[in-house]
Structures are given as C-alpha cells and as structure tokens.
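Peer 1:
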Amino acid sequence: MSVFPIYWMFVVATRSSDAMGEVPPPVTPGGNLPGNVDNLFGNADAHFVTGLLNSAIVAGCVTVSVVLFSSLAGFAFAKLRFRGSNALLLVIIATMMVPTQLGIIPLYMLMTDLGWNDRLQAVIVPALVTGFGVFMMRQYAAQAISDELIEAARVDGCGTFRVFRSVVLPALRPAAAVLGLLTFMTTWNDFLWPYAVLNDPENPTVQLSLRALSNGYYQDMSQVFTGTAVATLPLLVVFIVFGRQIIGGIMEGAVKA
Amino acid sequence: MRTEPGTPVTHRRPAPRHRLSRLDIKLSPYLYIAPFFVLFGVFGAYPLGYTLWVSLHDWDLLAEDHPFVGLANYSELLGDADFWNAVVNTLGIFVISTVPQLLLALWLANMLNRQLRARTLFRMGVLIPNITSTAAVAIVFGQLFSREFGLINWALDLVGIDAIDWRASRLGSWVAISTMVDWRWTGYNALIFLAAMQAIPRDLYESAAIDGARPARQFWSITVPMLRPTIIFCVIISTIGGLQLFTEPLLFNSGTNPIRGGPTRESQTMTMYMFENAFAPNFNFGYGAAIAWMLFALIAIVAVVNVLIIRRGGRST
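The structure is reproduced here in structure tokens:
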C-alpha cells in the first residue's frame with residue numbers, strides 16, 4: 001500500500017498518455033520514458049530544468065547553513081555556560097510550534113521592500129536557520145560529547161571555536177548528517193512559501209514546475225507523471241542510500257521529544 | 001581530539017592570553033547562537049508580530065494608505081460565510097485524516113515491533129511516502145481519484161459501486177484529500193510510535209504473559225498507556241500539520257480558480273482562504289492577516305482539547 005502509488009507513478013511515467021484510459025489499468029512499465037522526458041524538458045510552460053536547478057540551489061544552500069548554524073548553536077546550548085541560556089532555548093523550542101502561515105503576509109511585504117520577490121534568496125534566506133535543527137543538535141551534543149573532552153581541549157589552550165572545530169564538529173557528524181538529509185528533503189519538497197513569493201513562471205522551484213504542469217487545460221498525464229517521478233527520484237536515491245540513518249534519526253529524536 | 005604534547009605551555013605570556021580567553025568564554029556562546037536569533041528575528045519573529053499589526057488595518061495592497069480599523073477585520077470575519085465554510089472544511093478534513101492515521105500508525109508500529117525478517121526494509125517502506133513531495137502526492141492521488149479514468153473508481157466498479165465524482169461532492173473531496181494526508185504521514189507516525197514501543201521494558205510483557213494476558217490485552221493495558229506521552233506528541237504534531245493543509249487541496253482542485261477549493265468551495269481550507277484574500281485575487285493583507293491569527297487560535301484550541309481528551313481517556317482505563 002505504501003509503495004504502490006509511487007510504483008504507479010513510475011509506471012505511468014514510462015507509458016504513453018493513453019495508459020490512463022486503459023481498462024484494466026497497466027501495471028508494468030512501458031517503453032515511452034524517453035519520449036515523455038523529452039516532452040517534459042521541452043514543455044515551455046513548466047520550465048522544468050530551471051525548476052530542478054533552482055531547487056538544487058535552494059536546498060543545497062539551506063542545508064549547509066542549517067547544519068552549520070544548528071551545530072554552532074547546539075554546541076553553545078549543550079556545552080557552554082552562559083546567562084539566559086535556558087530561557088533562550090525555550091524561545092527556540094517555542095518557535096517550532098508556530099505555523100508558517102502566520103508570518104507569510106508580512107514576510108511577503110518584507111520581500112517586496114527588499115526587492116527579492118521572484119528571486120531565489122526570498123526562498124533561501126528565511127530558511128537559513130530552524131528551531132528544530134538547533135534543538136536536535138543540542139540534544140545530540142548534550143549526550144554525545146563528554147565534558148572532560150572539552151575541558152581537556154581547553155587546558156591545551158584551545159579557544160571555544162577551536163574546540164568546536166576540532167572536538168565538537170567531528171563528534172556531531174552522525175546527527176549533522178541526519179539533520180542535513182531531513183533539511184534537504186523538506187526544502188526540496190516545500191511548496192507554500194515558494195508558491196507565495198515566486199510568482200514569475202519562468203523562475204520556479206521544481207514543485208512549482210509540477211504545479212504548472214498539472215494545472216494546464218490540456219494535460220498529458222504521462223508527462224505530468226514523468227515530472228513527479230523526476231522530481232521524486234533524487235530524494236528516493238538519497239533515501240535508499242541513507243535510509244537506515246534517516247530512520248534512526250527520526251526514531252531517536254522522537255524518544256527524546 | 002588533539003593534545004599536541006610537544007607544545008611548550010609554560011613559555012606563553014599569560015596575561016593577555018588569559019584576558020582573551022576569558023572574553024572568549026564569556027562572549028562566544030552568544031556569538032554562536034546569534035545567527036539563529038538574528039535570522040529568526042528578522043524573518044520569523046518580526047513577521048509574526050507584524051501580522052497582528054496588519055490585521056488591525058484596512059490594508060489593501062494597491063491603496064496609498066492603510067487606515068487603522070481596530071478589530072473590524074475580525075468582526076467581519078465572524079460574519080463571513082465563506083470563512084466558516086473554510087473552518088468546517090479544515091476541521092472535517094482534519095478529523096477524518098488524523099484519527100484513522102494515528103490508529104493505523106499505532107497498529108503498524110505494533111506489527112513492526114515484532115521480530116520480523118527484513119525489518120529495515122519494512123521500515124523504509126513505511127517511510128517512503130513521507131519523502132515524496134506533497135505536490136507529487138497530490139498530483140498522483142488526484143489522478144487516482146479522478147472520475148473518469150481513476151484507479152479508485154475502477155476498483156470500486158469491480159465490486160459493483162458506481163463511479164464517485166470525488167471533486168464535486170464535499171465529503172468526496174474531504175475523503176480524497178484525507179487519503180493523501182494519511183498516505184504521506186501514517187508511516188512517519190508509526191516510526192515514532194515504534195521508537196517509543198522499543199523503550200518499554202520487556203519484563204512488563206513477560207510478567208503480563210505469566211498472568212495470562214493475551215497479546216491484544218497486553219497491547220491495550222501495557223503498550224497504549226506507556227505510549228501516552230508519545231501519542232500526545234503525535235497528536236499535537238498532527239494537529240499543527242493537519243489544520244494548516246494547503247498544498248493537497250490546492251493541487252487536488254485544478255481549473256480556473258483552484259484557490260477556492262472547487263466550484264462551491266467544497267474543500268477550501270483556512271490557509272487557502274487566507275491566501276485567496278491576502279494574495280491574488282483579493283490582495284487584502286489586513287483581512288488575510290486576521291484569518292492567519294484565527295487559524296493560529298484554532299490550532300491552539302484544538303491542541304488543548306486533544307490533550308485534555310487524551311489525559312481523561314488515559315485516566316479512565
């Protein structure tokens with residue numbers, strides 16, 4: 001049940017558009033994939049290639065930034081003592097509860113003022129940090145890094161940033177990998193905010209391309225399904241390679257929350 | 001970590017170094033958390049507060065000035081039939097998606113918790129829907145639920161049920177949208193339940209088995225009560241997510257004006273209604289902002305009600 005719709009998506013992606021009307025419906029792949037891909041990449045309304053590129057840029061930037069800043073902040077909250085740390089951590093947890101919808105209108109106005117509408121930084125910059133990331137890295141750092149290790153590095157004359165770089169960061173690597181994967185996936189799949197702020201049909205993210213494909217008056221369903229398949233494929237590959245870590249990360253995070 | 005045993009510690013000039021390192025220890029934590037707070041402040045907190053301010057104004061995108069109108073937007077909302085329609089749709093879809101989803105996830109987690117062959121494979125299988133984008137899910141399911149050539153109607157026809165026009169009826173569109181949500185999130189919740197189940201001590205089950213409790217009894221008397229915190233967590237997460245639905249219903253409704261959720265707003269959710277008013281075609285930021293705050297209030301209310309129900313339900317067993 002969980003895999004069938006995805007399988008079905010790939011089946012239709014490899015068939016001609018007649019497949020939709022066949023009775024009984026086909027359940028095996030056909031030979032029409034190259035033609036569908038040509039149609040998809042040549043579709044003037046969808047700008048699918050631009051969409052893929054844009055999504056790769058956005059998801060890449062956001063992932064690097066979220067992992068870096070979350071590790072830094074998580075380290076500070078878990079291992080450094082400073083005034084107000086508990087209250088500030090509470091603020092971060094509270095930010096996880098607030099729906100994106102609530103800020104969308106002023107955010108849109110802000111982007112208009114900055115002149116960022118229809119430009120990728122409108123999607124990238126607000127996503128550069130997440131409360132979830134900071135919280136996750138804090139939880140991991142608190143249990144994965146011993147205080148003695150940090151003390152020892154300090155005694156050896158390391159400043160806190162040196163400690164972070166040569167002691168903390170290597171130890172955080174497993175959690176950073178999971179956070180990176182999850183962030184990449186969410187960003188790649190995001191729809192609401194790009195839909196609001198990227199109104200120029202020539203400069204979409206891949207999800208907006210899918211939207212454009214499926215919203216036409218005439219729909220070549222094979223082409224649409226090829227689009228969803230191509231948009232899903234990168235994540236599917238990542239998931240098949242790193243599935244074990246991702247599942248481990250989700251389950252571990254759940255127990256602590 | 002590196003200790004660099006050859007470094008001659010004693011030869012350093014202590015005074016300025018010491019001062020520098022004191023400064024480092026005092027200030028650097030703030031430096032490390034600053035990126036989050038600066039970025040969140042500008043792009044998260046500021047818009048949040050500003051939404052409230054905007055909602056108190058008659059804020060037309062094209063108008064020169066934006067007069068302060070107090071709570072007028074809110075009182076207009078309370079008399080707005082389309083708004084209440086969106087509230088009912090949102091709650092309806094939320095209930096028929098979340099309840100089966102969490103029950104199914106609980107059942108699935110219980111299955112996965114047994115000693116299975118190819119465990120990792122099964123776990124990956126239940127999570128695959130979650131990595132698929134909402135847009136792709138909505139498009140694929142929109143096709144599965146199509147009236148003429150949809151697989152669902154074809155299968156229904158096999159068992160002798162007439163084709164259902166999923167888009168034209170209110171309940172039909174709710175069911176179709178809920179199915180998308182369930183498909184995408186059941187496995188994720190199941191994994192979270194599974195993680196919590198594995199933390200339950202084995203000997204509880206062993207002693208229950210000695211007392212003659214069968215698996216079903218063990219499930220309801222041990223597993224479910226022990227999972228209560230996790231269930232509350234999942235309910236809250238599902239509440240926040242379920243009441244914000246936007247992509248699924250938007251993409252399910254294609255055609256000239258999908259933001260309305262079908263010709264007679266059969267499946268328009270609150271977020272869609274906010275969008276319709278704040279952006280194209282209405283561009284009334286003030287009214288849209290008021291809807292956003294009402295949505296937030298609804299989420300808070302539903303979350304609290306849910307927690308109360310679960311608390312009470314747990315006590316009576």
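Protein sequences appear in the order of chains A and B. Just so you know, the first sequence maps onto residues 1 to 257 in our numbering. Just so you know, the second sequence maps onto residues 1 to 317 in our numbering. We put the beta carbon where it would ideally sit given N, CA and C, even for glycine.
Can a CB atom of chain A be found closer than 8 Å to the CB of Thr98(B)?
Peer 2: Closer than 8 Å: no.
Peer 1: Could you name the residues of chain B that Ile92(A) contacts, counting a contact when the two beta carbons are closer than 9 Å?
Peer 2: Those within 9 Å of Ile92(A) in chain B are Ile33, Phe36, Phe37, Phe40.
Peer 1: Give me the residue from Val307(B), Gln198(B), Asn257(B), Ala290(B) with the minimum Cα distance to Trp59(B).
Peer 2: The shortest Cα separation from Trp59(B) among Val307(B), Gln198(B), Asn257(B), Ala290(B) belongs to Ala290(B).
Peer 1: Find the nearest neighbour of Phe10(A) within the set Ser16(A), Pro29(A), Leu120(A), judged by alpha-carbon distance.
Peer 2: For Phe10(A), the nearest C-alpha among the options comes from Pro29(A).
Peer 1: Any idea which residues DSSP pairs Asn284(B) with across the strands?
Peer 2: In the DSSP output, where bridge partners are listed per residue, Asn284(B) has Asp60(B).
Peer 1: Taking 8 Å as the threshold (C-beta atoms), are Leu191(B) and Arg123(B) in contact?
Peer 2: Closer than 8 Å, so yes.
Peer 1: Is the beta carbon of Phe75(A) closer than 8 Å to that of Phe164(A)?
Peer 2: Yes.
Peer 1: For Pro100(B), which residues in the same chain have their Cβ closer than 7 Å to its Cβ, ignoring the five residues on either side in sequence?
Peer 2: Around Pro100(B): Asp182.
Peer 1: Can you say whether His47(A) is buried or exposed, counting buried as having 16 or more other CB atoms within 10 angstroms of its CB?
Peer 2: Result: buried.
Peer 1: Which value, in whole angstroms, describes the spacing of the CA atoms of Val126(B) and Met111(A)?
Peer 2: Using only the alpha carbons, I get a separation of about 38 Å.
Peer 1: Asp24(B) touches chain A at which residues, Cβ-Cβ below 7 Å?
Peer 2: Going along chain A in sequence order, the residues near Asp24(B) (Cβ under 7 Å) are Gly159, Thr160.
Peer 1: Could you tell me whether the Cβ of Pro26(A) comes closer than 8 Å to any Cβ of chain B?
Peer 2: No, its Cβ sits nowhere closer than 8 Å to a Cβ of chain B.
Peer 1: Tell me, which residues are paired with Phe68(B) by DSSP?
Peer 2: According to DSSP, which records beta bridges pairwise, Phe68(B) is partnered with His57(B).
Peer 1: To be precise: take each residue of the stretch 272-296 of chain B, compare its Cβ to all Cβ atoms of chain A, and keep it if any distance is under 8 Å. Which residues remain?
Peer 2: Correct list: Met274, Phe275, Ala278, Phe279, Phe285, Gly288, Ala289, Ala292, Trp293, Leu295, Phe296.
Peer 1: Taking only beta carbons into account, state which residues of the stretch 247-260 of chain B come closer than 9 Å to chain A, listed in chain order.
Peer 2: Cβ contacts with chain A come from Thr247, Leu250, Leu251, Ser254, Gly255, Pro258.
Peer 1: If you run the structure through DSSP and keep just helix, strand and coil, what is Met1(B)?
Peer 2: Confidence at Met1(B) is low in this model, with a pLDDT of 42, below 50, so its placement is unreliable and the value that follows should be read with caution. If DSSP states are grouped into helix, strand and coil, Met1(B) belongs with coil.
Peer 1: Measuring only the C-alpha atoms, how far is Gly103(A) from Gly44(B)?
Peer 2: Cα to Cα, the separation comes out at about 7 Å.
Peer 1: Suppose contacts are defined by Cβ-Cβ distances below 8 Å. Is Tyr32(B) in contact with Leu72(A) by that definition?
Peer 2: Result yes, Cβ atoms of Tyr32(B) and Leu72(A) sit closer than 8 Å.
Peer 1: Would you say Phe219(B) reaches chain A, if we count a Cβ-Cβ gap shorter than 8 Å as a contact?
Peer 2: Cβ-Cβ to chain A under 8 Å: no for Phe219(B).
Peer 1: Could you tell me which chain B residues have their CB closer than 7 Å to the CB of Ile243(A), listed as they occur along the chain?
Peer 2: The question names Ile, yet the displayed sequence has Gly at residue 243(A). Here the neighbours are Met124.
Peer 1: To the nearest angstrom, report how far apart Val307(B) and Ile105(A) are at their CA atoms.
Peer 2: For Val307(B) and Ile105(A), the distance between alpha carbons rounds to 30 Å.
Peer 1: DSSP three-state label for Ile145(A), please.
Peer 2: Three-state DSSP puts Ile145(A) in coil, outside helix and strand.
Peer 1: I want to verify the contact list: residues of chain B whose CB lies under 7 Å from the CB of Ala231(A), in sequence order.
Peer 2: The contacting residues are Ser133, Ala136.
Peer 1: Just how far apart, CA to CA, sit Met197(B) and Val125(A)?
Peer 2: Cα-Cα distance, rounded: 39 Å.
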